[in-house]
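**Student:** Encoded as structure tokens, here's the structure I'll be asking about.
Structure (structure tokens):
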């Protein structure tokens, strides 16, 4: 989510529009809730556009808490819950962190979905079922997409096109980290997707296919700026990159264009979770219900640059606004495989990259 501080506000929509689509504001009461979110531009956008609309609609004041990335925050919350001094009522967790928290137990509380009726607007995948029942309601998502230089190559239609040396020899930019997406792209393109990643034999088969791609990769990037600069100066002509940032670069006149190949692009997402021990379950449910409203999902797309978790037809987003942040089909990361078999996958990946 560190990439979100690069997003700029889209010039449409106002917070009042979202508030007007919801229930009338309640009589002012001394109700409040502490909500954690990633800092910087991301948190500031919530404080400017989302939280005021929520307070106007419900009368519930929001105290914004800056939290680091999900994995670091999970450690912080584990220590805080054990000490009985929790810093937030609601935290924003990626799916892998939710899985970890659910397995640890007593870190995130089960949710009463009868109090979060708008969550029915979301695909069931975005309502996380943990060991104690529903424990997360999707907040927003983001895509890692296929990108290319339209001045240099024709639009690729499949991730399989990247294995064509005649088209892409020493000209691709791909994520360097083992869980950056290439595992998932390859599994979805040549194998049975997530299922293949659940066994060591499947992991090795995927890696052997990725090894065939290595001659076509000019850059294994770990920092967003590396891929950005390589696309700008022509060192790479295609690869994987963040959908929203690629669109911003294109608007600035740089030769980059994102596309959704037939297998799809990688979609990750964050969820709102109620901290175990919080006495604000009612207020948290109201916020999660508010966040799941299609009008608020559209507001976040316009003002924060995140992809909505509801169908486009439920929102008033134009095709241009929707395509700026989202698309179809989506490839969902193999979270359980990465968690359950992390050591083997990472070590095997590193060996593959190091091999000549």
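Numbering (my numbering), first residue to last: 39 to 394. No residue lacks a Cβ here, since even glycine has one placed at the ideal position from N, Cα and C.
#1: Buried or exposed for residue 242, going by 16 or more other Cβ atoms inside 10 Å?
#2: Applying the 10 Å Cβ sphere with the 16-neighbour rule, what's the burial state of residue 155?
#3: Can you grab the Cα-Cα spacing for the pair residue 331 / residue 159, in whole Å?
#4: State the CB to CB distance for the pair residue 124 and residue 118, rounded to an integer number of angstroms; the pair is presumed to be in contact (CB under 8 Å).
#5: Is it right to say residue 327 is buried, meaning 16 or more other beta carbons lie within 10 angstroms of its own, or is it exposed?
#6: Suppose you measure from the CA of residue 190 to the CA of residue 95; what does that come to, to the nearest Å?
#7: Under 7 Å Cβ to Cβ from residue 270, same chain only, skipping five residues before and after it: list those, please.
#8: By a C-beta neighbour count over all protein chains shown, 10 Å radius and 16 as the cutoff for buried, is residue 113 buried or exposed?
#9: Considering just the uninterrupted stretch of the beta strand (DSSP E) at residue 295, what are its terminal residues?
#10: Measure how close the beta-carbons of residue 105 and residue 75 come, nearest whole angstrom, since I'm counting them as under 8 Å.
#11: Who pairs with residue 367 in a beta bridge, going by DSSP?
#12: Taking just the CA atoms, how far does residue 188 sit from residue 391?
#13: Assign residue 372 to buried or exposed, taking buried as 16 or more other Cβ atoms, counted over all protein chains shown, within 10 Å of its Cβ.
#14: May I ask you to list the residues that DSSP assigns as paired with residue 174?
#15: In this structure, does DSSP put residue 101 in helix, strand or coil?
#16: Give the single residue among 138, 148, 272 and 78 whose Cα lies nearest to the Cα of residue 313.
#17: Going by DSSP, what residues sit across from residue 387 in a beta bridge?
**Tutor:** Quick look at the numbers:
#1: In the chain shown, counting from the first residue as 1, residue 242 sits at position 204. With fewer than 16 other beta carbons inside 10 angstroms of its own, residue 242 counts as exposed.
#2: On the chain shown, residue 155 is found 117 positions in, with the first residue counted as 1. Classification for residue 155: exposed.
#3: Reading the chain shown from its first residue, position 293 is the one you call residue 331. Reading the chain shown from its first residue, position 121 is the one you call residue 159. Those two C-alpha atoms are separated by around 7 Å.
#4: Sequence index remark: in the chain shown, residue 124 carries index 86 (1-based). Sequence index remark: in the chain shown, residue 118 carries index 80 (1-based). Rounded, the Cβ-Cβ distance is 5 Å, consistent with contact.
#5: As a first step, residue 327 must be located in the chain shown, where it is residue number 289. Residue 327 is buried by the Cβ-count criterion.
#6: Working through the chain shown from its first residue, we reach residue 190 at position 152. Working through the chain shown from its first residue, we reach residue 95 at position 57. In a straight line, the C-alpha of residue 190 is about 50 Å away from that of residue 95.
#7: For the purposes of this step, residue 270 is taken as residue 232 along the chain shown, with counting starting at 1. Here the set comprises 292.
#8: Position 75 of the chain shown, counted from the first residue, corresponds to residue 113. Looking at its Cβ environment, which holds fewer than 16 other Cβ atoms inside 10 Å, residue 113 is exposed.
#9: By one-based count along the chain shown, residue 295 stands at place 257. Looking at the DSSP string, the run of the beta strand (DSSP E) that includes residue 295 is 295 to 297.
#10: The residue you call residue 105 lines up with position 67 of the chain shown. The residue you call residue 75 lines up with position 37 of the chain shown. Indeed, because the Cβ distance is near 6 Å, the residues count as touching under 8 Å.
#11: Sequence index remark: in the chain shown, residue 367 carries index 329 (1-based). Answer is none; residue 367 lacks a bridge partner.
#12: Residue 391 sits at position 353 when you count from the first residue of the chain shown. Residue 188 sits at position 150 when you count from the first residue of the chain shown. Whole-angstrom Cα-Cα distance: 29 Å.
#13: Numbered from its first residue, the chain shown carries residue 372 at position 334. By the beta-carbon neighbour count (other beta carbons within 10 angstroms, threshold 16), residue 372 is buried.
#14: Start at 1 with the first residue of the chain shown, and residue 174 comes out as number 136. Per DSSP, 166.
#15: For the purposes of this step, residue 101 is identified with residue 63 of the chain shown, where counting begins at 1. Residue 101: strand per DSSP, three-state reduction.
#16: Counting from 1 along the chain shown, the entry for residue 313 is found at position 275. Nearest option by C-alpha distance: 148.
#17: Counting from 1 along the chain shown, the entry for residue 387 is found at position 349. The secondary-structure analysis by DSSP pairs residue 387 with nothing; it has no beta-bridge partner.
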